[in-house]
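Numbering of the sequence shown is given in the working numbering, commencing with residue 3 and proceeding in unit increments.
Cβ atoms here follow ideal geometry from the backbone N, Cα and C, with glycine treated the same way.
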Amino acid sequence: MKLLLVEDDPSMRSTLDRALSRRGLQVVACEDGPRALALWQAAPPDVVVLDLSLPGLDGLEVLQLAREAGLATPVLILTARGTVGDRIVGLNSGADDYLPKPFDLNELEARLRALGRRRADPGADPRPSALQVGELRYEKESGAIYHRGQVLELTPREAALLQALMERPGHAVSKERLFELVFPGEADVQYEAVEVVVYRLRKKLPADSVSLMTLRGLGYLLKAL
């Protein structure tokens, strides 16, 4: 699979280039908007990984110009702008998926290969898979979580924790597992930080739809009411 990686941070760009190349992807990397658009037009890849904060042209400008030029390559936005509002703007601008930083490399690879398969099989069902718990709906492709059709305004960590619980409704998820998903690679953070995220998330969840329960010694559980 041919991948165009657009990332202005040299360390991040180099790390992703090496890691994804080792996993069998053919990576072409660049650091600014105008060059990204030129490379995309000259040799359309199978998938584009696009950062938003770019010199020359912002990532959203690159995406909009590419779509206006008829470039239909699937795009995954990879950025530190992780709010739901930024995510929706990106998706509405023509992106196919959105992964906020920090992220898990295995998840990034899985999402890229899913986008590549979709491009290879244009007849495949384009609708994103989703999870439903009570009146909460988690759209896996976009990462957005809805309540009665309205997007919940969650931080990236709150969203990561809620998504993990929605994957296993009615089952306890250990604090250790949630820590791995919410604070990936952050060795200087204590396990108790999960409790802070849970506390903040509880204040945002609709009390008449779901309950986020603490099970002493087991972890946390999400159930529909």
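Query                                                                                                                                                                   : Result
Could you say which of Gly-145, Arg-24, Leu-65 and Arg-20 lies nearest to Leu-41 if we only look at CA atoms?                                                           : Leu-65
Using beta-carbon positions only, say whether Asp-53 and Thr-75 come within less than 7 Å of one another.                                                               : no
Short check: CB of Met-3 to CB of Gly-118, under 7 Å?                                                                                                                   : yes
For Leu-107, name the three-state secondary structure that DSSP assigns.                                                                                                : helix
So if DSSP puts Ser-213 in a beta bridge, which residue, or which two residues, is it bridged to?                                                                       : Lys-225
Should Val-191 go down as buried or exposed, given a rule of 16 or more other Cβ atoms within 10 Å for buried?                                                          : exposed
Examine the Cβ distances between the stretch 178-197 and the stretch 103-119 and report whether three or more of them are shorter than 8 Å.                             : yes
Would you kindly check if the distance between the Cβ of Leu-203 and the Cβ of Glu-169 is under 7 Å?                                                                    : no
With burial defined as no fewer than 16 other Cβ atoms inside 10 Å of the residue's Cβ, what is the status of Pro-57: buried or exposed?                                : exposed
Going by DSSP, name the residue or residues bridged to His-173.                                                                                                         : BP columns for His-173 are empty, so no partner.
Along the chain, where does the beta strand (DSSP E) containing Val-2 start, and where does it finish?                                                                  : The chain is shown from 3 up to 227; residue 2 falls before or after that span and cannot be answered.
When you compare the CB positions of Leu-62 and Ala-31, do they come within less than 7 Å of one another, or not?                                                       : no
Give me the residue from Asp-11, Asp-10, Ala-112 and Asp-98 with the minimum Cα distance to Gly-26.                                                                     : Ala-112
Grouping DSSP H, G and I as helix and E and B as strand, with all else coil, what is Pro-46?                                                                            : coil
How long is the line joining the alpha carbons of Arg-20 and Gly-221, rounded to whole angstroms?                                                                       : 36 Å
For Glu-141, list the residues DSSP reports as bridge partners.                                                                                                         : Ala-132
Grouping DSSP H, G and I as helix and E and B as strand, with all else coil, what is Lys-4?                                                                             : strand
Assuming Ala-226 contacts Pro-158 (C-beta within less than 8 Å), just tell me the rounded distance between them.                                                        : That belief does not hold up - the Cβ atoms of Ala-226 and Pro-158 are roughly 24 Å apart, past 8 Å.
For Val-212, collect the residues of the same chain with a Cβ closer than 7 Å to its Cβ; drop the 5 residues on either side in sequence, then sort them by chain order. : Val-135, Gly-136, Leu-138, Leu-224, Lys-225, Ala-226 and Leu-227
Measure the alpha-carbon distance for Leu-164 versus Val-196 and round it to whole angstroms.                                                                           : 12 Å
Just the Cα atoms here: how many angstroms apart are Asp-48 and Leu-22?                                                                                                 : 14 Å
What residue does the alpha helix (DSSP H) around Pro-12 start on, and which one ends it?                                                                               : 12-24
Give the straight-line distance between the Cα atoms of Ile-147 and Val-199, rounded to the nearest whole angstrom.                                                     : 16 Å
Quick one: grab the DSSP three-state call for Leu-207.                                                                                                                  : coil
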